[in-house]
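In what follows, a structure is listed as structure tokens, so that the remarks can point back to it.
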Amino acid sequence: MDPRVLRRKIIRTASGCFHKNGIKATSMNSISEALHISKRTLYQVFLSKSELLEACVSFQIEKSRKQIEEKCRTLNCLEAIVYLNYQTYALSGILSADFCREIVKYPEALALFSREYREPLHEKCASLFREAQQKKLIQLESNFELAFMFFENTLLYALFAPYEEPKRALTYSNAVLTYLAGVCTAEGRTELHRMAASGELQPAG
Numbered sequence: 026m027d028p029r030v031l032r033r034k035i036i037r038t039a040s041g042c043f044h045k046n047g048i049k050a051t052s053m054n055s056i057s058e059a060l061h062i063s064k065r066t067l068y069q070v071f072l073s074k075s076e077l078l079e080a081c082v083s084f085q086i087e088k089s090r091k092q093i094e095e096k097c098r099t100l101n102c103l104e105a106i107v108y109l110n111y112q113t114y115a116l117s118g119i120l121s122a123d124f125c126r127e128i129v130k131y132p133e134a135l136a137l138f139s140r141e142y143r144e145p146l147h148e149k150c151a152s153l154f155r156e157a158q159q160k161k162l163i164q165l166e167s168n169f170e171l172a173f174m175f176f177e178n179t180l181l182y183a184l185f186a187p188y189e190e191p192k193r194a195l196t197y198s199n200a201v202l203t204y205l206a207g208v209c210t211a212e213g214r215t216e217l218h219r220m221a222a223s224g225e226l227q228p229a230g
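Be aware that the sequence shown starts at 26, since it is given in the working numbering, and climbs by one per residue.
Have a look at this one:
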């Protein structure tokens with residue numbers, strides 16, 4: 026098999042294992058069995074589980090980031106803010122609770138997530154927020170950093186909420202829309218109401 030094809034196959038399979046079962050419960054042996062390849066072959070491509078985990082995180086980040094960039098080109102600034110938050114929920118929603126708890130034990134992977142996903146996401150959302158203010162959809166006195174902090178903390182709460190989908194997704198989407206309604210102008214709230222009524226943007230849980 027072509028080395029590049031094998032690498033991609035390993036990353037896709039390992040990503041599914043990590044996300045479904047958590048990091049600790051996923052061994053290199055279980056990944057090799059899922060792939061029907063030897064552990065030796067697996068270690069020839071990735072020297073350690075940590076290295077493989079970083080590759081998996083990078084893969085998921087790139088996939089989600091491309092989806093966000095492509096979709097946001099077709100949306101207005103307020104729609105894009107909502108979509109960006111919903112897509113972040115969708116990415117986080119494929120992770121098991123164990124994965125979310127255990128990722129903090131892998132500082133390299135966590136730093137990669139922050140550098141390649143959270144920081145660009147923060148910049149993109151800040152740009153959209155400013156644009157919405159310029160277009161009089163969001164109040165000029167509204168503080169973006171407080172908004173972003175609210176979105177992040179609400180996401181963490183939703184991920185560990187003691188109930189199943191679709192209630193978690195509904196809780197998150199309602200929180201995002203309610204917060205935005207509070208910082209929007211009358212024109213912005215009208216646009217939010219239109220989006221909510223049409224159902225064109227929904228969090229994927």
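Don't be surprised by glycine CBs; every beta carbon is placed ideally from N, CA and C.
Segments of 4+ residues assigned as alpha helix (DSSP H) that fall wholly inside the segment 105 to 155: 122 to 127 and 132 to 138
In chain order, what residues of the same chain lie with their CB nearer than 8 Å to the CB of residue 186, ignoring the 5 residues before and after it? 192, 193 and 196
Between which residues of its own chain and residue 147 is the CB-CB distance below 8 Å, once the five residues before and five after are set aside? 173
Residue 208 classed as buried or exposed, judged by whether at least 16 other C-beta atoms fall within 10 angstroms: buried
Using C-beta distances below 6 Å, list every residue in its chain close to residue 157, excluding the 5 sequence neighbours before and after it, in chain order. 102, 103 and 163
Return no unless some Cβ of chain C is closer than 8 Å to the Cβ of residue 174. Among the chains in the structure shown there is no chain C, since it carries only a single protein chain.
Rounded straight-line distance, which links the Cα of residue 55 to that of residue 125: 20 Å
Go ahead and pull the three-state DSSP assignment for residue 48. coil
Under the three-state reduction of DSSP, which class applies to residue 62: helix, strand or coil? coil
Contacts around residue 57, its chain only, beta-carbon distance under 7 Å, and the 5 residues preceding and following it disregarded: 63, 64 and 67
I need the straight-line Cα distance from residue 230 to residue 87, nearest angstrom please. The predicted model places residue 230 with a pLDDT of 49, which falls under 50 and marks its position as unreliable; any figure quoted below should be read in that light. Between residue 230 and residue 87, the C-alpha separation is close to 19 Å.
Do you know how far the Cα of residue 202 is from the Cα of residue 35? 38 Å
Select from 127, 142, 71 and 131 the residue whose C-alpha is nearest the C-alpha of residue 85. 142
Near residue 183, what residues of its chain come up, given a Cβ to Cβ distance below 8 Å and the 5 sequence neighbours on each side ignored? 114, 193, 194, 196, 197 and 200
What residue from 123, 99 and 161 has the CA that sits closest to residue 48's CA? 123
Give every residue of the same chain whose Cβ lies closer than 6 Å to the Cβ of residue 138, excluding the five residues on either side of it in the sequence, and list them in chain order. 82
By Cβ distance, which residues of its chain are closer than 8 Å to residue 43, with the 5 residues on each side in sequence left out? 51, 78, 81 and 124
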